[in-house]
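Protein chains: 2
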Amino acid sequence: MPKIRLGIVGYGNVGRGVEHAIGQNKDMELVAIFTRRKPGDITPVTAGVKVYNVEDAERHLHAIDVMLLCGGSANDLMVQAPHFAAMFNCVDSFDTHAKIPEYFAMLDESAKKSKKISIISTGWDPGLFSLLRVLGMACIPNGCDYTFWGKGVSQGHSDAIRRINGVKYAVQYTIPMDCALAEVRKGNNPALSTCQKHIRECFVVADPQADLRLIEQTIKAMPHYFCDYETIVHFISEKEFEDEHTNMPHGGFVFRTGTTGKENAHQQRMEFSLQLDSNPEFTAGVMVAYARAAHRLYLKGETGAKTVLDIPLGLLVIESMEELRKVVV
Amino acid sequence: MPKIRLGIVGYGNVGRGVEHAIGQNKDMELVAIFTRRKPGDITPVTAGVKVYNVEDAERHLHAIDVMLLCGGSANDLMVQAPHFAAMFNCVDSFDTHAKIPEYFAMLDESAKKSKKISIISTGWDPGLFSLLRVLGMACIPNGCDYTFWGKGVSQGHSDAIRRINGVKYAVQYTIPMDCALAEVRKGNNPALSTCQKHIRECFVVADPQADLRLIEQTIKAMPHYFCDYETIVHFISEKEFEDEHTNMPHGGFVFRTGTTGKENAHQQRMEFSLQLDSNPEFTAGVMVAYARAAHRLYLKGETGAKTVLDIPLGLLVIESMEELRKVVV
Numbered sequence: 202m203p204k205i206r207l208g209i210v211g212y213g214n215v216g217r218g219v220e221h222a223i224g225q226n227k228d229m230e231l232v233a234i235f236t237r238r239k240p241g242d243i244t245p246v247t248a249g250v251k252v253y254n255v256e257d258a259e260r261h262l263h264a265i266d267v268m269l270l271c272g273g274s275a276n277d278l279m280v281q282a283p284h285f286a287a288m289f290n291c292v293d294s295f296d297t298h299a300k301i302p303e304y305f306a307m308l309d310e311s312a313k314k315s316k317k318i319s320i321i322s323t324g325w326d327p328g329l330f331s332l333l334r335v336l337g338m339a340c341i342p343n344g345c346d347y348t349f350w351g352k353g354v355s356q357g358h359s360d361a362i363r364r365i366n367g368v369k370y371a372v373q374y375t376i377p378m379d380c381a382l383a384e385v386r387k388g389n390n391p392a393l394s395t396c397q398k399h400i401r402e403c404f405v406v407a408d409p410q411a412d413l414r415l416i417e418q419t420i421k422a423m424p425h426y427f428c429d430y431e432t433i434v435h436f437i438s439e440k441e442f443e444d445e446h447t448n449m450p451h452g453g454f455v456f457r458t459g460t461t462g463k464e465n466a467h468q469q470r471m472e473f474s475l476q477l478d479s480n481p482e483f484t485a486g487v488m489v490a491y492a493r494a495a496h497r498l499y500l501k502g503e504t505g506a507k508t509v510l511d512i513p514l515g516l517l518v519i520e521s522m523e524e525l526r527k528v529v530v
Numbered sequence: 202m203p204k205i206r207l208g209i210v211g212y213g214n215v216g217r218g219v220e221h222a223i224g225q226n227k228d229m230e231l232v233a234i235f236t237r238r239k240p241g242d243i244t245p246v247t248a249g250v251k252v253y254n255v256e257d258a259e260r261h262l263h264a265i266d267v268m269l270l271c272g273g274s275a276n277d278l279m280v281q282a283p284h285f286a287a288m289f290n291c292v293d294s295f296d297t298h299a300k301i302p303e304y305f306a307m308l309d310e311s312a313k314k315s316k317k318i319s320i321i322s323t324g325w326d327p328g329l330f331s332l333l334r335v336l337g338m339a340c341i342p343n344g345c346d347y348t349f350w351g352k353g354v355s356q357g358h359s360d361a362i363r364r365i366n367g368v369k370y371a372v373q374y375t376i377p378m379d380c381a382l383a384e385v386r387k388g389n390n391p392a393l394s395t396c397q398k399h400i401r402e403c404f405v406v407a408d409p410q411a412d413l414r415l416i417e418q419t420i421k422a423m424p425h426y427f428c429d430y431e432t433i434v435h436f437i438s439e440k441e442f443e444d445e446h447t448n449m450p451h452g453g454f455v456f457r458t459g460t461t462g463k464e465n466a467h468q469q470r471m472e473f474s475l476q477l478d479s480n481p482e483f484t485a486g487v488m489v490a491y492a493r494a495a496h497r498l499y500l501k502g503e504t505g506a507k508t509v510l511d512i513p514l515g516l517l518v519i520e521s522m523e524e525l526r527k528v529v530v
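This is the structure:
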């Protein structure tokens, strides 16, 4: 059985995660990495992997079964993905929820022309959390769902703090509120806004001369990002920042709670959670599993854009459906 | 849009649950109930629903889009399901894990002949738990999975107690051990047998003259069912039994824990759990969602037996994929 030949576009945190994830799947091999940097500046972990400029990708059309697009949603994928979808089977983790319909339409057009497949917005939210929200709606139609994020680093909020005068380094953790989790678990179906579900905890390294009180006030007053939230600000040393706050943990919860039966007498609850030491590596693992599905669906003749909701879960693993029926079902 | 016309075969706890679940889905209607009892002995909750003898089902071939087979795995489905799969699109919750390959093969043959679809082993284990086990394997290939059942009533174990001399009523709860759950959540990937993961708690109403010590000893010594487990036996009054132990709660957990990245440095954990006041009603809700998928796949021309692993999750809900991309993904 020939291995599935994969390419990586973009060698940041997710790209490196994809490289490690491919190494954990014995039916796959990494063929090449494509970068906008100078190829010589990149040293892949995997022996024998070539690094090329991203402009050279089309010369490798026949060497790569599925391309993993590891760029960011905000700046890279809106432009890059339609271009790649017109040449390769692709998988990405596009995560700007509001733009998914528009992004889907673009990639669907590209991929249908090229007769290839693009699976968009894999990863965990969107991605696994989308799957679980739909599963909850399906099985408990008379109910509510709740998504909580964290405990984990929000890049957007960390960046917002870093833009404040006098801030040298900063990281912001989004933390689900225990009291909100408890209310949901009780089945009370509370109405909860995002800021009633989460605390924002910030760790800041300030410049020596900076006015700490002013920085704290500026953070807490920042519209959209912090002003509606319970926000905690800690000032720490550069050493503590380096030692304790350079990982990228994340996670979260999806709940569905509702009632069934005569007079809705019975409470039913579904709960899904992730606790991730490394957000980009887990995202990478999900992408690689969907690359397997993309390859299989392409071999069956399917084309166009897909989301995780279009893909049977049995296609994600190395085992055949027959093996899965024996062991897993 | 015409409603999906459903039939129920077998009007026990799951069958009644299916009837209530259909009432929660506005794109569906219950057309008829088929029973081995005298049709006159059954009074459906839903107005206008006809009750027929199970032998008369084939006269309703054109009136029913999907038949929900609500019989038990041990005695009903092995015989009944191939017969129905040869006539109707079917959904069942066949749950004898070891016999799934054999059962699948039988139904696949029947359903391919009739050019219909049978989705087997929906419900929650097998069913949702199978989905989550596969999702875990896919996203964290270097890891272990764990399934815990409970807290909930095990019919098999309750029946085993009831067969003991001097026992009038009995119910057995399977309860996950907190210490085992904690070990798994820590990511230690412990080796745990089923009896190292669960406690068995029994509530027994004994005959007035019965030797309680003997009953307790008999339970605790019962091979396979109890002797390897931490087993707790309570003797209670008939009133307490009626008041506290006639519901059918259940639930459980599926975990996947493992590592990713360079030198497997990062722990990743996925956890799914169900807490159900009514096991049969939740099972029924899952079956009804898969009936929607069966109908949609049939309209697309698919045939044969399927498991939950073959079905895209987006097909389970009333919303179209386009609506889901806007709202859920």
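So the sequences go chain by chain: A and B. Each number in my numbering corresponds to the 1-based position in the first sequence with 201 added. Each number in my numbering corresponds to the 1-based position in the second sequence with 201 added. Cβ atoms here follow ideal geometry from the backbone N, Cα and C, with glycine treated the same way. Keep in mind it's a predicted model, so treat the numbers as computed, not measured.
* **Supposed close pair B:Pro-245, B:Glu-220 - CB separation, criterion 8 Å** => 6 Å
* To do: Look at A:Val-455 and A:Arg-334 and say whether their C-beta atoms are less than 7 Å apart.
  => Cβ distance < 7 Å, so A:Val-455 and A:Arg-334 count as in contact.
* Asked: How many angstroms separate the CA atom of A:Glu-537 from the CA atom of B:Ala-485?
  -> With chain A covering 202 to 530 only, the question about residue 537 of chain A has no answer from this structure.
* Asked: Between the beta-carbon of A:Ser-322 and the beta-carbon of A:Phe-295, is there less than 7 Å?
  -> yes
* To do: Count the other C-beta atoms from every protein chain shown that fall within 10 angstroms of the C-beta of B:Glu-441, then say buried if there are 16 or more, exposed otherwise.
  => exposed
* Asked: With a Cβ-Cβ cutoff of 7 Å, do A:His-446 and A:Phe-404 count as a contact?
  -> yes
* **Beta-carbon proximity list for B:Glu-230, same chain, < 8 Å, skipping 5 on both sides** => Lys-204, Ile-205, Arg-206, Leu-207, Ile-223
* Does the beta-carbon distance from A:Tyr-430 to A:Val-292 come in below 7 Å? -> no
* Asked: Mapping DSSP to helix, strand and coil, what is A:Gly-337?
  -> helix
* Asked: Between A:Leu-500 and A:Gly-515, is the Cβ-Cβ spacing less than 7 Å?
  -> no
* Asked: Would you call the CB atoms of B:Val-531 and A:Thr-508 closer than 7 Å?
  -> Only positions 202 to 530 of chain B appear in this structure, which leaves residue 531 of chain B out of reach.
* Taking the alpha-carbon positions, what's the A:Leu-535 to A:Lys-314 distance? -> In the structure as shown, chain A starts at 202 and stops at 530, and residue 535 of chain A therefore has no counterpart that could be examined.
* What residues of chain A sit near B:Ser-291, judged by a beta carbon separation below 7 Å? -> First, the amino acid is wrong: residue 291 of chain B is Cys here, not Ser. Per Cβ cutoff of 7 Å: no residues; B:Cys-291 is ~17 Å from chain A at best.
* Asked: So which of B:Ser-474, B:Val-489, B:Val-368 has the shortest CA-CA distance to B:Ser-183?
  -> The displayed coordinates of chain B run from 202 to 530. Any statement about residue 183 of chain B would go beyond what the structure contains.
* Taking Cβ-Cβ distances shorter than 7 Å, what residues in chain A pair up with B:Ser-322? -> Result: Val-530.
* To do: Note down the Cα distance separating A:Ala-494 from B:Met-202, rounded to an integer number of angstroms.
  => 32 Å
* Asked: From this set, B:Val-385, B:Val-528, B:Ala-371, which residue's C-alpha is nearest B:Gln-356's C-alpha?
  -> B:Ala-371
* Asked: Which residues in chain A sit within 7 Å of B:Ala-258, going by Cβ to Cβ distance?
  -> None at all; the shortest Cβ gap to chain A is about 26 Å.
* **Neighbourhood of B:Phe-235 by C-beta distance below 6 Å, restricted to the same chain and skipping five residues each side** => Val-210, Tyr-253, Val-255, Ala-258
* **Alpha-carbon spacing of B:Asn-214 relative to A:Thr-461, whole angstroms** => Each residue's CA atom was taken as its position, placing B:Asn-214 and A:Thr-461 some 13 Å apart.
* **Closer than 7 Å to chain B by CB, A:Arg-470** => Yes, its Cβ sits closer than 7 Å to a Cβ of chain B.
* Which one of B:Asn-276, B:Gly-328, B:Thr-297, B:Ile-341 has the shortest CA to CA distance from A:Asn-480? -> B:Ile-341
* To do: Can you pull the chain B residues whose beta carbon is under 7 Å from the beta carbon of A:Pro-302, in chain order?
  => By Cβ distance, chain B contributes Arg-526, Lys-527.
* To do: Compare the C-beta of A:Ala-490 against all C-beta atoms of chain B and say whether one is closer than 7 Å.
  => Closer than 7 Å: yes.
* Under 7 Å between the Cβ atoms of A:Pro-513 and B:Asp-309? -> no
* Asked: Excluding sequence positions up to five away, which residues of its chain have a Cβ less than 7 Å from the Cβ of B:Ile-575?
  -> The question about residue 575 of chain B has no answer here: the residues shown for chain B are numbered 202 through 530.
* Secondary structure at B:Leu-393, three-state DSSP: helix, strand or coil? -> coil
* chain A beta carbons: is any one of them nearer than 7 Å to that of B:Gln-410? -> no
* Using 10 angstroms around the beta-carbon of A:His-425, count the other beta-carbons present and answer buried if the total reaches 16, otherwise exposed. => exposed
* Under 7 Å between beta-carbons, which chain A residues line up against B:Met-338? List them in chain order, please. => Chain A residues near B:Met-338: Val-518.
* To do: Would you list the residues sitting across from B:Pro-377 in a DSSP beta bridge?
  => B:His-399
* Asked: Do we get a CB-CB distance below 7 Å when we pair B:Asn-343 with the residues of chain A?
  -> yes
* **Against chain A: residues of the stretch 493 to 522 of chain B by CB proximity under 7 Å** => Thr-508, Leu-510, Asp-511, Ile-512, Pro-513, Leu-514, Gly-515, Leu-517, Val-518, Met-522
* Asked: Under 8 Å Cβ-Cβ, which residues of chain A neighbour B:Arg-334?
  -> Val-529
* To the nearest angstrom, report how far apart A:Pro-283 and A:Gly-273 are at their CA atoms. => Roughly 14 Å separates the two Cα atoms.
* Between B:Asp-379 and B:Arg-457, is the Cβ-Cβ spacing less than 7 Å? -> no
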